[in-house]
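Here is the structure we will look at, set down as structure tokens.
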Amino acid sequence: MAHDAEQPPALTDAEAAERIHARFPSLATARVVRLGEGTDHQAFEVAGRYVFRFPKSGEAAEHLKWEARLLAWLEPRLPLPVPDYRFLAPPAADLAVGFAGYEKLPGTPALLVVPEQLDLSDLGRRLGAFLGALHALAPAEAGALGVPADDDPELEAWSAAAVDDLRLAVEHGHVERHLAAAWEQRLRVRPTEGRGEPRLVHGDFAAEHVLVDAHGAPTGVIDWSDACVGDPARDFAGLLHWGGADMLTAALETYGAVSPAVLTRARWFAACRAVADIAFGQTQGRPEYIAAGQRALTGLGKPLPFDA
């Protein structure tokens with residue numbers, strides 16, 4: 001996602017609490033605890049039961065508006081829960097962009113669960129059914145809610161960002177230097193053939209955005225700010241990045257067959273995701289992202305069952 005050249009300063013915990021307390025009287029005495037920070041948002045837990053997201057740019061704030069509309073529309077149409085934004089605050093004199101909050105969904109982000117503790121094939125089948133329902137929805141209806149079309153269909157920005165991320169990963173020793181040239185070549189070759197009709201996609205479907213319970217069953221899908229009408233291979237890439245070919249193969253059992261071109265693009269997107277995770281983990285001090293990216297890149301460096 002592109003970002004504004006100028007972003008409002010990040011909020012401290014006290015500043016976030018002040019804004020939440022002032023705008024929502026029912027939460028006037030609620031405890032506010034920082035959850036974390038991503039590329040586009042800061043997140044805070046409120047009263048132990050809500051998640052509030054503060055956009056870090058004007059563009060992210062616009063995305064949050066249509067994200068709330070989209071999720072209200074999606075909720076009855078999908079087999080897994082999604083956030084329900086009950087609290088919406090518009091921009092004000094003391095805040096350049098608005099913010100929003102939803103009741104926490106149960107579960108833990110799967111990124112924080114050791115993959116060996118999860119039945120990735122079972123998860124894959126459940127998430128394949130989820131993606132099948134999502135991708136079957138009418139793109140025009142999503143567009144009417146404000147969901148944008150993919151802004152990089154030729155993958156030029158994806159490729160450039162991935163090459164930059166790879167170089168950072170190599171610089172910090174997270175990818176071996178003798179592998180760098182081969183990976184850079186793969187990331188520069190953009191797989192634009194055979195895209196088919198654009199579908200409504202989550203856009204950032206990954207382990208950190210799928211919640212699981214103590215038994216490893218999925219309990220919800222969060223963070224829809226990268227949703228768009230675009231290439232379904234982006235969502236399949238999240239499964240390939242997360243659980244390898246076995247997880248993606250299991251997902252296709254419930255999703256249905258896809259073309260070899262879709263699988264080729266999914267593999268490429270997964271490699272982009274892997275180096276992006278490593279770069280994010282390095283710059284944000286998040287070792288779990290570095291480990292996830294390295295694990296994915298190792299798997300993607302080997303022959304896969306569906307390779308031509």
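Read left to right, the sequence shown gives residues 1 to 308 (our numbering).
Heads up, the beta-carbon is just placed ideally off N, CA and C, and yes, glycines get one too.
Note that this is a predicted model, so its numbers are computed, not measured.
### Task
Would you list, in sequence order, the uninterrupted beta strand (DSSP E) runs of no fewer than 3 residues that lie entirely inside the stretch 94 to 143?
Whole beta strand (DSSP E) segments, 3+ residues: 99 to 103.
### Query
In three-state DSSP terms, what is D4?
Reliability of the predicted coordinates at D4 is poor, the pLDDT of 41 falling under 50, and the value obtained from them is presented with this limitation in mind. Correct three-state label for D4: coil.
### Query
Between R273 and H241, which are expected to be in contact by the criterion C-beta below 8 Å, what is the C-beta distance as a whole number of angstroms?
Between R273 and H241, the beta carbon gap of about 5 Å places them in contact (Cβ cut-off 8 Å).
### Message
Please report the straight-line C-alpha distance between A28 and A22, rounded to a whole angstrom.
### Response
Approximately 7 Å, taken between the alpha carbons.
### Query
Looking at the structure shown, is F236 part of a helix, part of a strand, or coil, going by DSSP?
It is helical.
### Message
Could you tell me the alpha carbon to alpha carbon distance between Y289 and A296, rounded to whole angstroms?
### Response
For the pair Y289 and A296, the Cα-to-Cα distance works out to about 10 Å.
### Message
So the candidates are L80, K56 and P115; which of them puts its Cα closest to the Cα of A100?
### Response
The residue with the shortest Cα to Cα distance from A100 is K56.
### Task
Specify, as a first and last residue, the run of the beta strand (DSSP E) that P90 falls within.
Taken as a continuous stretch (DSSP letters only), P90 belongs to no beta strand (DSSP E), as it is neither H nor E.
#### Entry: Distance, G124 Cα to A180 Cα
Rounded to the nearest angstrom, the two C-alpha atoms are 30 Å apart.
### Query
From E253, L304, L200 and F205, pick the residue whose C-alpha is nearest to that of L229; which is it?
What sits at residue 229 in the sequence shown is Val, not Leu. Selection E253, L304, L200 and F205 evaluated against V229 yields L200 as nearest (Cα-Cα).
### C-beta contact flag for G220 and P81 at 8 Å
Yes, these two residues count as a Cβ contact at 8 Å.
#### Entry: Close beta carbons around A261, own chain, < 7 Å, minus the five adjacent residues each side
Correct list, in chain order: E193 and G194.
### Query
Hey, is the stretch 142 to 153 in contact with the stretch 245 to 263, meaning 3+ C-beta pairs nearer than 8 Å?
No, because fewer than three Cβ pairs between the stretch 142 to 153 and the stretch 245 to 263 fall closer than 8 Å, the two stretches do not touch.
### Run of the alpha helix (DSSP H) containing R265, from where it starts to where it stops
Membership of R265 in the alpha helix (DSSP H) is indicated by the continuous run P260 to Q284.
### Query
Cβ atoms of A30 and V51: under 8 Å apart, would you say?
Taking 8 Å as the Cβ cut-off, V51 and A30 do not qualify as a contacting pair.
### Query
How many angstroms separate the CA atom of L11 from the CA atom of A89?
A89 has its alpha-carbon roughly 15 Å from the corresponding atom of L11.
### Query
What are the residues that DSSP puts in a beta bridge with L45?
Checking the sequence shown, residue 45 turns out to be Glu, not Leu. Residue pairing from DSSP places E45 in a beta bridge opposite V33 and V51.
### Query
What is the DSSP secondary structure of T254, counted as helix, strand or coil?
In the structure shown, T254 falls within a helical segment according to DSSP collapsed to helix, strand and coil.
### Task
Would you list the residues sitting across from V212 in a DSSP beta bridge?
Paired residues: T108 and P218.
### Message
Within 8 Å, do at least three Cβ pairs link the stretch 267 to 286 to the stretch 168 to 177?
### Response
With a cut-off of 8 Å, the stretch 267 to 286 and the stretch 168 to 177 count as touching, because enough Cβ pairs lie within range.
### Distance between H178 and A72 (C-alpha atoms, nearest Å)
In this structure, the alpha-carbon of A72 lies about 48 Å from that of H178.
### Message
When you compare the stretch 93 to 107 with the stretch 183 to 190, are there three or more beta-carbon pairs, one atom per stretch, that lie closer than 8 Å?
### Response
Touching, no, given that fewer than three Cβ pairs across the two stretches are closer than 8 Å.
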